[in-house]
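Heads up: the sequence lines are chains U and E, in that order.
At position 297 of the first sequence the residue is numbered 297 (UniProt numbering), and the sequence of numbers has no breaks.
At position 237 of the second sequence the residue is numbered 237 (UniProt numbering), and the sequence of numbers has no breaks.
Worksheet for the structure shown next.
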Amino acid sequence: MGRADRAARPRNKETSMETAKLDPAASPGAAKSASESSAGRRRRTRPFPVQRVVPYGYLSPTLILIFVLMIIPIAMVVSYSFKDNVIVEQNPVFAGLANYTTVLTDPDFLAALKNTFVFITVSTVAHLGLGLAFATMLNTPLLGGVTKAIFRIVYILPWLFTVAVIAVIWRLMLDPSGVVNYILTTIGVMREQVSWLSEPNTALWALTFINIWAGFPFFMISILAGLQGISPILYEAASVDGASTFRQFRNVTIPQLKPVLLSMAVLDLIWTSQQFALIWMTTGGGPLNATEMLSTYTYKQAFSSYEFATASAAAVIVLLLTMVLAFFYVRLQKER
Amino acid sequence: MLTRKRRRLGAKIAVLAGLCVGAAFAGLPVVWMLSTSFKTNGEVFQVPPRLITENFSFDAYAAILGDGTQLRFFINSYIVALSVTVLTLFVAILAAYGFSRYNFPLKRSVNAVIVTVQAVPPITLVIPYFGLVVALGLYNTYPGLILTHMVFTLPYAIIMMTAYFNTLPRELDESVKVDGASSWTALWRILVPISVPGLVAVGVYTFMISWNEYLFALTLTRTDDMRTVPIGIQLLMGQHSYEWNQMMAMSILGSIPVLVLFLLFQRRFIGGLTSGAVKA
């Protein structure tokens with residue numbers, strides 16, 4: 001064993017580089033050198049037979065779990081989507097594309113698609129906007145470390161609560177006789193109380209607002225990490241050239257942050273499109289489908305109407321839409 | 001010189017004002033939740049609303065903590081989240097070691113699958129899980145929940161742990177292997193003990209995800225004695241015909257584990273989180 005390990009030792013350096021290249025979490029510097037050493041690798045990789053099995057040994061629990069929890073279920077849901085009366089009946093019949101036609105011509109599904117689009121685009125823009133604004137303020141050298149630490153903890157609070165809690169808080173606050181209506185009517189913004197979550201023309205916006213509140217801390221923290229990674233030399237050079245704070249922000253900060261912002265945007269689109277609990281516990285998709293999303297539509301098809309076949313078709317459509325986003329995400333990661 | 005100082009002061013005030021507005025946006029709903037939990041239910045919607053009520057009481061907390069059903073939700077959440085954390089860490093340590101220290105065919109594909117898994121929508125999985133969990137006899141059991149939660153904790157844990165192991169010099173574990181120890185020994189005796197900071201960050205995040213998980217907990221359990229805290233909060237909404245003070249008390253009690261973990265490990269956690277999330 002000892003001999004085999006020693007023999008494998010020179011390879012290990014490349015192993016790390018290989019990992020660095022595959023694993024975007026590793027430093028970009030290591031990724032660059034991976035391609036340079038790949039030629040060398042081919043020459044030297046003829047490992048000892050036992051050694052060849054070892055990595056699979058370490059990965060086997062992961063591989064088994066992914067197979068059982070991911071590959072099989074996805075195969076199942078795809079096969080469900082082509083059958084009729086799945087789960088409910090013992091012997092479901094093959095239905096071809098019928099489930100897909102049913103879903104794609106269902107006005108409720110189309111409403112859900114539209115609502116999801118509004119919900120995820122507005123949420124993402126607001127998350128990044130608020131995240132950038134507060135991260136910039138928290139990154140200023142004008143304030144002391146303790147002050148900034150306190151603000152940072154307050155800002156991160158919404159993100160720490162489970163969605164069930166967030167739903168309950170906002171149902172309390174947005175209640176017709178709740179504190180939000182009280183404040184808005186008292187300062188004269190509105191004349192009468194609004195039941196934000198149960199009126200068709202306000203429900204989607206109220207829900208989006210809650211989602212913005214719940215999610216912005218994560219983006220703020222990530223952008224803050226990005227800001228702290230920008231070299232101060234760039235700002236020094238800019239101020240020597242006489243650039244104003246605003247110009248520095250536009251010409252240094254934004255270009256430097258662009259990769260982070262793009263990745264975060266795609267990630268947010270993926271996550272927000274998957275939001276289920278918040279909608280389920282605040283509006284349940286109502287009133288009158290005003291907040292129906294792809295997730296709630298699919299859930300209702302399955303567990304309220306017991307139409308598992310159409311639900312599966314909807315689930316596969318959601319999966320495909322997400323995979324398009326995931327494809328862009330992976331590409332963005334590779335470019336960095 | 002004077003104007004420069006004054007401008008600096010002006011900028012400082014502007015930034016502080018901006019930060020205070022943001023803090024109000026982020027923090028006031030939380031303060032309101034806390035305040036409501038100390039009210040009697042009759043006072044919840046009193047006009048004008050008061051931040052600190054005259055009849056300040058812990059009755060809502062006592063009601064939750066004195067209720068066996070509610071306590072059971074907490075016990076269930078602890079059982080599930082702790083099991084998920086331990087199992088995820090174990091599996092992720094093994095996988096990360098494989099990724100970090102070995103080169104093997106299919107490495108690229110396996111890694112791609114792990115990254116992609118993170119994007120698969122839970123709603124897509126919940127339908128086959130329902131069928132699968134029922135078929136395996138795991139419906140309404142802890143193993144059913146624990147296993148299914150792992151699909152969302154594991155990929156992130158592996159990516160973060162691999163990145164962490166990559167930062168540790170290979171000489172550390174190689175040196176004991178030269179002395180004749182197996183790679184298994186090298187991993188558990190050398191690498192894992194010095195990875196505690198990384199393991200803590202991954203563990204906290206895993207615990208949070210499992211503690212907060214809602215969709216599978218809702219779909220794969222049926223009876224009150226198997227429900228977790230998020231479902232418990234929702235059940236309270238239906239059962240007690242809007243006892244808002246109790247719902248807020250339950251929400252606060254249900255958030256304490258995550259808040260405490262976060263405050264204890266803030267620095268490590270944020271560092272680990274951003275290095276994983278921004279780049280993963």
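All C-beta atoms, glycine included, are put in the ideal place defined by N, C-alpha and C.
Since the structure is predicted, the reported quantities are computational estimates derived from the model, not experimental observations.
Open item on the list: Quick check: what's the CA-CA separation for G145/U versus R268/E?
Closed with: 17 Å
Open item on the list: Does chain E have any CB closer than 7 Å to the CB of L227/U?
Closed with: no
Task: T136/U versus L9/E - alpha carbon distance - done: 17 Å
TODO: Express the C-alpha separation of F82/U and A98/U in angstroms, rounding to a whole number.
DONE: 8 Å
Open item on the list: As a quick exercise: from L257/U, D268/U, T208/U and V324/U, pick the residue whose alpha carbon is nearest that of L227/U.
Closed with: L257/U
- [ ] Kindly confirm or deny that the stretch 200-210 of chain E and the stretch 255-263 of chain E touch, where touching means at least three C-beta pairs closer than 8 Å.
- [x] yes
TODO: Spell out the partners DSSP gives D84/U in its beta bridges.
DONE: V93/U
- [ ] Check the Cβ of I270/U against every Cβ in chain E and list those closer than 9 Å, keeping chain order.
- [x] Q118, A119 and P121
Task: alpha helix (DSSP H) runs contained entirely in the stretch 94-175 of chain E, provided each spans 4 or more residues - done: 107-117, 122-135 and 142-167
Open item on the list: Please report the distance separating the alpha-carbon of G144/E from that of D225/E.
Closed with: 14 Å
Task: Short Cβ contact (7 Å threshold) for F25/E with G232/E - done: no
Task: Chain-ordered neighbours of T298/U on chain A, where CB pairs are closer than 7 Å - done: Protein chains U and E are contained in the structure displayed, whereas chain A is not.
Open item on the list: Please return the same chain residues whose Cβ sits closer than 7 Å to the Cβ of residue 345/U, not counting the five positions on each side in sequence.
Closed with: Only positions 1 to 336 of chain U appear in the structure, and residue 345/U is not among them; the question remains open.
Task: Buried or exposed (CB count within 10 angstroms, at least 16 for buried), S195/E - done: buried
TODO: Give the single residue among L142/U, L138/U, N201/U and F161/U whose Cα lies nearest to the Cα of L288/U.
DONE: N201/U
TODO: Taking C-beta pairs closer than 9 Å, name the residues in chain E that T162/U reaches, listed in chain order.
DONE: M208, W211, N212, E213, Y214, V229, P230, I233, S251, G254, S255 and V258
TODO: State yes or no: is the beta carbon of I127/E nearer than 7 Å to at least one beta carbon in chain U?
DONE: yes
Task: Unbroken alpha helix (DSSP H) run spanning A265/U, endpoints - done: I254 to S273
- [ ] Return the CA-CA distance between Y78/E and Y235/U, expressed in angstroms with no decimal places.
- [x] 48 Å
Task: Runs of alpha helix (DSSP H) lying entirely within the stretch 172-214 of chain E, each at least 4 residues, in chain order - done: 196-212
- [ ] Reducing DSSP to helix, strand and coil, say where T88/E ends up.
- [x] helix
- [ ] Decide if the stretch 280-295 of chain U is in contact with the stretch 191-209 of chain U; the criterion is three or more beta carbon pairs, one per stretch, under 8 Å apart.
- [x] yes
Task: Buried or exposed by the 16-neighbour rule on C-beta atoms within 10 Å, applied to P48/E - done: exposed
Open item on the list: Could you give the first and the last residue of the continuous alpha helix (DSSP H) run that contains D106/U?
Closed with: No alpha helix (DSSP H) contains D106/U, which DSSP labels as neither H nor E.
- [ ] Go to G215/U, then tell me how far its alpha helix (DSSP H) extends in each direction, as first and last residue.
- [x] P200 to Q228
Task: Neighbourhood of A326/U by C-beta distance below 7 Å, restricted to the same chain and skipping five residues each side - done: I270
Task: Listed by chain order, chain E residues near Y182/U by CB distance under 8 Å - done: V47, P48 and P49
- [ ] Using alpha carbons as the reference points, say which of V31/E, Y142/E, Q70/E and T141/E lies closest to M250/E.
- [x] Q70/E
Open item on the list: Let me confirm a value: I72/U is counted as buried when at least 16 other C-beta atoms fall within 10 Å, else exposed. Which label applies?
Closed with: exposed
- [ ] Spell out whether any CB of chain E is found under 7 Å from the CB atom of K32/U.
- [x] Legend: pLDDT at K32/U = 41, less than 50; position of this residue unreliable, value from coordinates given subsequently. It does not: the Cβ of K32/U has no partner Cβ on chain E nearer than 7 Å.
Open item on the list: Does chain E have any CB closer than 7 Å to the CB of S37/U?
Closed with: Since pLDDT at S37/U reaches only 45, below the 50 mark, its modelled position is unreliable, and no value is offered.
- [ ] Return helix, strand or coil for V47/E, following the three-state DSSP convention.
- [x] coil
- [ ] With DSSP collapsed to three states, give me the class of R183/U.
- [x] For the sequence presented, residue 183/U should be read as Ile rather than Arg. Looking at I183/U - three-state DSSP - the assignment turns out to be helix.
TODO: For G29/U, decide whether its Cβ has a neighbour in chain E, counting only Cβ atoms nearer than 7 Å.
DONE: Note that G29/U has pLDDT 41, beneath the 50 cutoff, so the model's placement of it is unreliable and the number below is only indicative. No, G29/U lies away from the interface with chain E (no Cβ there is under 7 Å from its Cβ).
Open item on the list: Can you confirm whether M190/U, when its beta carbon is compared against all beta carbons of chain E, has any partner nearer than 7 Å?
Closed with: no
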